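Everything on this sheet refers to the single structure shown next.
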Amino acid sequence: MTDLSRRGFLGRSAALGALLASGGGTAALAAGGDLTIAYNIPVQSWDPTTGPAAVNPVLQSVYLAVYDRYIDQNPDLSFGPGLLTDWGFTDDKSKITMTVREGVTWHNGAALTPEDIVWSLTRAGNPETGNPMQFVWGKIGNFTVDGQTITADVLEFEPALFKWMAFLTAFVLPKDYYTEVGTEGFEKAPIGTGPYMVDAFEPGAYVRLKAYPGYWGDAPAFDSVTIKFVTDAASRVAEVESGNADITTNIPYEEYDRLIAKEGLAGQAVPITDIGMIFLNDIEAMTDKNVRLAAHYAIDKQLIIDRLLKGYGVPLSTLEAPGYAAYDASITVPYDPEKAIELLAASGYSTDNPVKFTIQTTKGFKPKDYEMVQAIVGLWRKVGIEAEIEVYEIAKHYELRATDKLAPAAFYNWGNSIGDPSTATGFSMFGPSPHAVWDTADLVEKIGPLFGEPDEEKRIQGYKDVSRYIAEQGYVIPLLQYVMPIVYRAGLDVTAYASGDLLPQAIANA
Amino acid sequence: MLLRSILARLLTTAVTLFGVAVVVFTLIRVAPGNPIAMMLPPGASEEDIAQLTALYGFDKSLPHQFVIWLGGVLQGDFGTSITLRQPVDQLVLSRLPATLELSVMALLIALALGGGAAVLGARFRGSPTETGLDLASGAVLSVPDFLWGLLFVLCFGVLWPVLSISGRIDPGLEFDFTTRFYVIEGLMRGRLDVVASTLSHMLMPAMSLALPLAAMVAQLLKQNLKEVLVQDYTTLSRVHGFSETAVILRDALRNAALPTLTLVGVQFTFLIGGTVIVERLFAYEGLGNMAIDAVINRDLPLIQGIVLLFAALFIVINLLVDLSYTLLNPRLRHG
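Residue numbers (this note's numbering), protein chains in the order written: chain B, -3 to 506; chain C, 11 to 345.
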């Protein structure tokens, strides 16, 4: 029996205290090998190539930790080798060739083979698998493999094909493993070739990732990463402020400013490939060019950014943001209320006799969306536009847009993480696309040929010309490029991606 | 008599659930927001849209879709979630334990706090203590549960970080449980670390849900106690020398509790409904959180499954309340 003296008791109490304080000890460990991310969207499915989750831009960060794409994308939107080290069209654009990286292994240790690439592309192009981007992947076929080189026929020329290989659903999955375990088995135990393996997954709660020792690229800085799915922004703020999470994103700008001013926290606010815009529909008052242009000239975008978004945003005049392939800084639609009044007067409208229409918006889907529309309606009122605000849910927006039943004006945000003009101006303004709202023949004639233009320089210039034409005609009102706020504990080195991705492998200790 | 009553209730339950199924199925399909429109890729053609529509069975007429769905439900197949790509019944049942544990914990907290306040108020009736308790319960009732949640996050998550802010359990814990009742199975297996972690995550959402119900219980039970405490049999107890507290606990509480039980039964169903918002706030992986995701994504099969389960829960709880009321009230039991 141990004799517990006063001194002994004090000593043991101190030891116990030290043990309890190793809650702090856990934090110290967290600084070395573990990283906790409070993320805003839960992983819904571990198949990044099928179903709605596959086209959710926010989920791509988690997928990119586990899987690799055919082609990699750099923080500045440029492209680099991924699982393919070389790729291209033949000169006559009738075939493509792809070279598969050697020395890559799946998380179960099996080697990545060109057959995995072929199987993934074939599966993606098969309408029955439910790949939402099948319309792209179906444009190539008849694959042949020679060593590490894959050749395929171009069934329909898609100039941005290789950019798509770094975009939504462009992930390579393991042929043999997937065939063996099936869809359900894969959901339960997914494997990829990425820097992290799925160690534990609680749907709706968290995923715990473990660094894959056999990863072909640079080893990630953290051995273990826990991504907690915290959908409520206030809770994410609390998570990082309390130290329960090392890093979080997509929080209100007011909170971002407050948190980065605190000791022990740091942050970055990065312009990303997500833009706020107002779709105009070719109905009612919007068939009048003067009204469309007046509605654009009457908006002081910088004022809205400064007052509502705390200065976090980049004003835009076209649907191509800085960094996109077809961005043209010379195309501008400045804030000019006098010109707006003049244009409206030419059509017989004034503050006493305003032009009236409805503008639709979501409320809370994007930062300050409703408030921005309220501010815009206020600015419009000053020049002779009386707009009635109709609030709807985002699902309703999609339905109305697909059936071309949107109001004359509708606020929306458009993401385009590859920065290609076909996936910005192209699909949003090309009438036959289910996502376009403005349907006039002049635009269809201008954009249509660009979808198949083989000369890249000509294609990009073509989109710049279309953007200028759209600005002159007032077919859409681009507002701003969003800025993504990231807050993290001081001492972390975070590489932010313009695509909006927050990659665990791009976070390290400073 | 009691058995016949239960059988009759079970029969009406089946009819009610069928009615709920029809209403939910119809409502979510006529409500704004087409799930196919949300999935359309930028370059989708008319054929692509038709293909996707057919893939998810939305190309058939509404009655045809309902017959297919109902046929599946009767065979235990509730369909497959559009977003999560797993059988709906598995998904819903996997989240049910979390919501049940949270709701029961909230109920227990509400009963303890509300019951305690009621007894205290009745014991010191007419004194400043009673006035103070009345004011406190009024204040508690005037604040909605999610605001309590935010307040708790600020107090116990940020300023004095003693409780976990989000999730249901520490992601670092290793365990392989058979059920998803973490508290119950953790206790049975002696995994106190799992129990402690679960409680640490559950306490704030449970308190947020419990406070409004606790205030209601406090007000109603205290009123009932005060009415009972002027009855002759309580006076007789006092004459026999029992203290006021003993009279309340020994004689008055049981009779005063009956009306409160009805209130608790009804309010418990509302409390489960309240988990939708509170679970979201605390990123608690229960049915409510899943329901919000399902609605945002217009995951129709999953919405149907969750609503049906909620409806079944409400019916079962009401049945249990009625039964317990019958058992506790001798007049109903014998007549």
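Just so it is clear, CB atoms sit at the ideal spot from N, CA and C, and this is done for glycine as well.
Just so you know, these numbers come straight off a predicted model, no measurement behind them.
Using a Cβ-Cβ cut-off of 9 Å, state whether residue 124/B counts as contacting chain C.
The sequence position of residue 124/B within the first sequence is 128, counting from 1. The Cβ of residue 124/B sits closer than 9 Å to at least one Cβ of chain C.
If you pair each beta-carbon of the region 32 to 44 of chain B with each one of the region 211 to 229 of chain B, do three or more pairs fall below 8 Å?
Judged by Cβ distances under 8 Å, the region 32 to 44 of chain B makes contact with the region 211 to 229 of chain B, as three or more pairs qualify.
Check whether chain B comes within 9 Å of residue 189/C, counting only Cβ atoms and requiring the distance to be less than that.
Mapped onto the second sequence, residue 189/C falls at position 179. Taking a beta-carbon distance threshold of 9 Å, residue 189/C does not count as an interface residue toward chain B.
How would you list, in chain order, the residues of chain C whose beta-carbon sits under 9 Å from the beta-carbon of residue 326/B?
As a working mapping, residue 326/B is identified with position 330 in the first sequence. What residue 326/B touches in chain C, judged by beta-carbon distance under 9 Å, is nothing: the nearest beta carbon there is about 27 Å away.
Under a CB-based cut-off of 9 Å, is residue 45/C close to chain B?
The residue you call residue 45/C lines up with position 35 of the second sequence. Answer yes: the Cβ-Cβ gap between residue 45/C and chain B drops below 9 Å somewhere.
Bridge partner(s) assigned by DSSP for residue 409/B
Here residue 409/B is taken as the residue at index 413 of the first sequence, counted from 1. The bridge partners DSSP lists for residue 409/B are 272/B.
Neighbour list for residue 162/B in chain C, Cβ cutoff strictly below 8 Å
Looking up residue 162/B in the first sequence gives position 166. Within chain C, not a single residue places a beta-carbon under 8 Å from that of residue 162/B; the smallest gap is close to 16 Å.
Could you work out which residue in 202/B, 316/B, 236/B and 70/B is closest to residue 183/C when comparing CA atoms only?
As a position in the second sequence, residue 183/C is number 173, starting the count at 1. If we check each option's Cα against that of residue 183/C, 202/B comes out closest.
Check the C-beta distance from residue 190/C over to residue 104/C and give it rounded, since I have them as a contact under 8 Å.
As a first step, residue 190/C is located in the second sequence; it is residue number 180 there, counting from the start. As a first step, residue 104/C is located in the second sequence; it is residue number 94 there, counting from the start. That belief holds up - the Cβ atoms of residue 190/C and residue 104/C are roughly 6 Å apart, short of 8 Å.
Please name the residues in the region 59 to 80 of chain C whose beta-carbon is closer than 7 Å to at least one beta-carbon of chain B, in chain order.
Within the region 59 to 80 of chain C, the qualifying residues are 59, 61 and 65.
Can a CB atom of chain C be found closer than 9 Å to the CB of residue 75/B?
Position 79 of the first sequence, counting from 1, holds the residue named residue 75/B. Proximity of residue 75/B to chain C, defined by a Cβ-Cβ separation below 9 Å, is not satisfied.
Residue 281/B and residue 379/B - do their beta-carbons sit closer together than 9 Å?
Position 383 of the first sequence holds residue 379/B. Position 285 of the first sequence holds residue 281/B. Judged by beta-carbon spacing, residue 281/B lies beyond the 9 Å limit of residue 379/B, meaning their Cβ atoms are not closer than that value.
Let's test the definition: count the other Cβ atoms within 10 Å of the Cβ of residue 198/C and tell me whether it reaches 16, buried, or not, exposed.
By 1-based counting over the second sequence, the position of residue 198/C is 188. Around the C-beta of residue 198/C, fewer than 16 other C-beta atoms lie within 10 Å, and the residue is accordingly described as exposed.
Kindly identify the DSSP beta-bridge partner or partners of residue 518/B.
A query on residue 518/B cannot be resolved here, the shown segment of chain B reaching from -3 to 506 and no further.
Determine, using beta carbons only, whether residue 206/C comes closer than 9 Å to chain B.
Within the second sequence, the letter at position 196 stands for residue 206/C. So, not an interface residue.
Around the Cβ of residue 283/B, are there at least 16 other Cβ atoms within 10 angstroms (buried) or fewer (exposed)?
Within the first sequence, residue 283/B is the residue found at index 287, counting from 1. Sixteen is the threshold: since fewer than 16 other Cβ atoms of the shown chains lie within 10 Å of the Cβ of residue 283/B, the residue is exposed.
Taking CB distances under 9 Å as the criterion, tell me whether residue 201/C reaches chain B.
On the second sequence, position 191 is the one that residue 201/C refers to. It does not: the Cβ of residue 201/C has no partner Cβ on chain B nearer than 9 Å.
Step through the CB atoms of chain C and report whether any lies within less than 9 Å of the CB of residue 23/B.
On the first sequence, position 27 is the one that residue 23/B refers to. Confidence is the limiting factor: at residue 23/B the pLDDT is only 35, short of 50, which leaves the residue's position unreliable and the question unanswerable from this model.
With DSSP as the reference, label residue 83/B as helix, strand or coil.
In the first sequence, counting from the first residue as 1, residue 83/B sits at position 87. Reduced to three states, the DSSP call for residue 83/B is strand.
Judging by CA-CA distance, which residue of 466/B, 416/B and 452/B is the nearest neighbour of residue 440/B?
Residue mapping note: residue 440/B aligns to position 444 of the first sequence, counting from 1. Nearest C-alpha to residue 440/B: 466/B.
What residue from 368/B, 350/B and 245/B has the CA that sits closest to residue 296/B's CA?
For this step, residue 296/B is matched to residue 300 along the first sequence. Here the closest residue by C-alpha is 368/B.
So what's residue 35/B in DSSP terms, helix, strand or just coil?
Here residue 35/B corresponds to residue number 39 of the first sequence, with the count starting at 1. Residue state, collapsed to three classes: strand.
By the 10 Å Cβ neighbour count, where 16 or more other Cβ atoms means buried, how is residue 357/C classified, buried or exposed?
Residue 357/C falls outside the range modelled here, since chain C spans only 11 to 345, and no answer is possible.
For a contact defined as C-beta to C-beta under 7 Å, what are the partners of residue 59/B on chain C?
The count along the first sequence starts at 1 and reaches residue 59/B at position 63. By Cβ distance, chain C contributes nothing, its closest Cβ being about 15 Å from residue 59/B, past 7 Å.
Give a yes or no on whether the C-beta atoms belonging to residue 152/C and residue 127/C are separated by under 9 Å.
Walking along the second sequence from the start, residue 152/C turns up at place 142. Walking along the second sequence from the start, residue 127/C turns up at place 117. No Cβ-Cβ contact shorter than 9 Å links residue 152/C with residue 127/C.
Could you list the residues in the region 150 to 183 of chain C with a C-beta less than 8 Å from some C-beta on chain B, going in chain order?
Against chain B - using a Cβ distance shorter than 8 Å - the residues of the region 150 to 183 of chain C are 160, 163, 164, 167, 168, 171, 174, 175, 176, 177, 178, 179, 181 and 182.
Would you list, in sequence order, the uninterrupted alpha helix (DSSP H) runs of no fewer than 4 residues that lie entirely inside the region 243 to 327 of chain C?
Here the runs fully enclosed are 254 to 257, 263 to 291 and 297 to 306.
Please name the residues in the region 285 to 304 of chain B whose beta-carbon is closer than 7 Å to at least one beta-carbon of chain C, in chain order.
Among the residues of the region 285 to 304 of chain B, none has a Cβ less than 7 Å away from any Cβ of chain C.
Grab me the residues of residue 18/C's own chain with a C-beta within less than 7 Å of its C-beta, minus the 5 sequence neighbours each way, in chain order.
In the second sequence, the residue the question calls residue 18/C occupies position 8. Non-local C-beta neighbours of residue 18/C in its own chain, meaning closer than 7 Å and more than five positions away in sequence, are absent.
Beta carbon of residue 496/B nearer than 9 Å to that of residue 268/B
Indexing the first sequence from 1 puts residue 496/B at position 500. Indexing the first sequence from 1 puts residue 268/B at position 272. Yes, the Cβ-Cβ distance between residue 496/B and residue 268/B is below 9 Å.
Quick one: grab the DSSP three-state call for residue 69/C.
As a first step, residue 69/C is located in the second sequence; it is residue number 59 there, counting from the start. The answer is coil: DSSP assigns residue 69/C none of H, G, I, E or B.
At a CB-CB cut-off below 7 Å, which residues of chain C make contact with residue 225/B?
Against the first sequence, residue 225/B aligns to sequence position 229. Neighbourhood of residue 225/B in chain C, by CB distance below 7 Å: 293, in chain order.
Residue-chain proximity (residue 87/C, chain B), Cβ-Cβ < 9 Å
For the purposes of this step, residue 87/C is identified with residue 77 of the second sequence, where counting begins at 1. Chain B, which has no Cβ nearer than 9 Å to the Cβ of residue 87/C, makes this no.
Taking three-plus beta-carbon pairs below 8 Å as touching, is the region 431 to 440 of chain B in contact with the region 256 to 263 of chain B?
Here the region 431 to 440 of chain B makes no contact with the region 256 to 263 of chain B; the two share fewer than three CB pairs at distances below 8 Å.
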